[in-house]
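Peer 1: I am attaching a structure below and will ask some questions about it afterwards.
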Amino acid sequence: MNSIDTPFQRSEQWRHVLATYARPGVAQACLLLQDRLGVDVLVLLHLAYVCSQHQRPLKDGQIAAADAVVRDWRDRVVRPLRAARRAIPKDDPQTLALRDAVQQAELGAEQHALSLLAAMPLAADDTPPPADPGSPTTRVATFYAQRSESLAELAAAEVEDAIALLDTQWERGDGKAV
Numbered sequence: 002m003n004s005i006d007t008p009f010q011r012s013e014q015w016r017h018v019l020a021t022y023a024r025p026g027v028a029q030a031c032l033l034l035q036d037r038l039g040v041d042v043l044v045l046l047h048l049a050y051v052c053s054q055h056q057r058p059l060k061d062g063q064i065a066a067a068d069a070v071v072r073d074w075r076d077r078v079v080r081p082l083r084a085a086r087r088a089i090p091k092d093d094p095q096t097l098a099l100r101d102a103v104q105q106a107e108l109g110a111e112q113h114a115l116s117l118l119a120a121m122p123l124a125a126d127d128t129p130p131p132a133d134p135g136s137p138t139t140r141v142a143t144f145y146a147q148r149s150e151s152l153a154e155l156a157a158a159e160v161e162d163a164i165a166l167l168d169t170q171w172e173r174g175d176g177k178a179v
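Under the working numbering, think of the first position of the sequence shown as 2, with each following residue one higher.
Given below as structure tokens:
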């Protein structure tokens with residue numbers, strides 16, 4: 002992905018996130034939820050990984066806690082880099098190298114955000130699971146839809162399809178869906 006080799010790049014979570022994101026339709030579904038609901042894709046991928054690896058439902062407060070860990074970094078670094086990359090034309094040969102450099106910086110910033118999330122402690126085991134645990138995708142999408150005041154978007158066919166596709170991608174350690 003980039004030329005800097007860090008311990009986090011060699012971590013199981015980083016490899017898992019890259020492999021999941023590379024599955025057919027996952028990137029498009031994640032980006033649709035990002036654009037329509039304001040979902041932080043890294044928070045979504047991190048929490049799905051945690052739920053799958055620890056075979057536990059997403060607990061109340063985990064989404065807000067994860068969002069709080071990366072909020073400043075996302076708002077001050079990741080989003081401005083993403084906006085800069087999107088503003089640079091894809092097909093202009095004169096700006097191609099610049100766009101690639103900004104994209105690499107954006108990926109590095111996202112990797113740092115994911116390493117911040119990976120360093121979070123797990124929710125206490127004695128925290129009761131939610132009454133209706135739902136899927137990690139639905140819960141994360143709803144959290145961000147509420148924050149961005151776009152709850153009505155949850156009923157859009159494209160959003161429902163993206164959530165359904167992502168729900169099939171999260172696997173527990175035993176290969177079963179979360």
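Even for Gly, the Cβ is constructed at its ideal location relative to N, Cα and C.
Thinking C-beta only, is Gln35 closer than 7 angstroms to Val44?
Peer 2: Contact: no.
Peer 1: I'd like to know whether the C-beta atoms of Ala146 and Leu155 end up nearer to each other than 7 angstroms.
Peer 2: Yes, Cβ-Cβ distance for Ala146 and Leu155 is below 7 angstroms.
Peer 1: What would DSSP say about Gln170, mapped onto helix, strand or coil?
Peer 2: Coil.
Peer 1: Going straight from the alpha carbon of Tyr22 to that of Glu107, what length do you get?
Peer 2: In a straight line, the C-alpha of Tyr22 is about 16 angstroms away from that of Glu107.
Peer 1: So, at 7 angstroms on beta carbons, what are the nonlocal neighbours of Gln170 in its own chain, with the 5 sequence-adjacent residues on each side left out?
Peer 2: Here the set comprises Thr21, Arg24 and Val27.
Peer 1: Does the segment 76 to 84 touch the segment 106 to 122, meaning 3 or more C-beta pairs lie closer than 8 angstroms?
Peer 2: Touching, yes.
Peer 1: Between Tyr50 and Gln95, is the Cβ-Cβ spacing less than 7 angstroms?
Peer 2: Taking 7 angstroms as the Cβ cut-off, Tyr50 and Gln95 do not qualify as a contacting pair.
Peer 1: In three-state terms, what does DSSP make of Val40?
Peer 2: The answer is coil: DSSP assigns Val40 none of H, G, I, E or B.
Peer 1: Checking 7 angstroms against the spacing of the C-beta atoms, do Arg86 and Val71 come in under that value?
Peer 2: Going by C-beta atoms, Arg86 is not nearer than 7 angstroms to Val71.
Peer 1: Per DSSP, what kind of secondary structure is Lys177 in: helix, strand or coil?
Peer 2: Interpretation of Lys177 is limited by its pLDDT of 49, a score under 50 that renders its predicted location unreliable; no figure is taken from the coordinates.
Peer 1: How close, in whole Å, do the beta carbons of Ala114 and Leu38 come, if the pair is a contact with beta carbons under 8 angstroms?
Peer 2: About 18 angstroms; that fails the 8 angstroms criterion.
Peer 1: Could you say which of Arg16, Ser12 and Leu33 lies nearest to Ala157 if we only look at CA atoms?
Peer 2: Answer by Cα proximity: Leu33.
Peer 1: Quick check on DSSP: helix, strand or coil for Tyr137?
Peer 2: The question names Tyr, but residue 137 is Pro in the sequence shown. Three-state DSSP puts Pro137 in a helix.
Peer 1: Could you spell out the range, first to last residue, of the alpha helix (DSSP H) harbouring Asp68?
Peer 2: Here the alpha helix (DSSP H) through Asp68 covers Gln63 to Trp74.
Peer 1: Using only alpha-carbon positions, find the residue among Pro137, Leu118 and Arg100 that is nearest to Asp61.
Peer 2: Checking every option, the nearest Cα to that of Asp61 belongs to Pro137.
Peer 1: Taking the C-alpha atoms as reference points, what is the distance between Leu166 and Asp73?
Peer 2: Cα-Cα distance, rounded: 29 angstroms.
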